[in-house]
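Okay, so here's the structure we're looking at.
Numbering (this note's numbering), first residue to last: -19 to 61.
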């Protein structure tokens, strides 16, 4: 079962592991760099996913983790405004 990434409103932190949904929820409007670091930390440190040096983020099963376009759209919209 692969980890999914979802953009969400109302989070206290930039990124949060949701074990019930097997997903990492990322705060809408979070800076892209910080959000990606938080997601990578959750995947690698907390879940034991393989580290990827500059490559795509990987799930603990080894599959590539897809990032939602909304993560980047929200950030670019906030930076432009």
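C-beta: ideal position from N, C-alpha, C; glycine also. All of these numbers come straight from a predicted model, not from anything done at the bench.
When you compare only the Cα positions, how much space is there between residue i and residue j?
i	j	result
residue -15	residue 7	11 Å
residue 5	residue 33	23 Å
residue -7	residue -1	16 Å
residue 17	residue -11	19 Å
residue 27	residue 44	14 Å
residue 112	residue 24	Summary: the structure shown does not reach residue 112, with the chain confined to residues -19 through 61, and so no result is reported for it.
So with Cβ pairs under 7 Å, would you call residue i a contact of chain D?
i	result
residue -8	Structure shown: chain D not included; a single protein chain is present.
If you count every other CB in all the chains shown that lies within 10 Å of the CB of residue i, and 16 or more means buried, which is it?
i	result
residue 38	buried
residue 31	exposed
Compute the minimum distance between the beta carbon of residue i and the heavy atoms of the ligand HEM, and state whether it is under 6 Å.
i	result
residue 34	With respect to the ligand HEM, the structure shown offers nothing to examine, as it has no ligands at all.
Can you list the alpha helix (DSSP H) stretches of 4 or more residues lying completely in the segment -9 to 29, in chain order?
Secondary structure within the segment -9 to 29: the alpha helix (DSSP H) runs of 4 or more consecutive residues, fully enclosed, are 12 to 21 (chain order).
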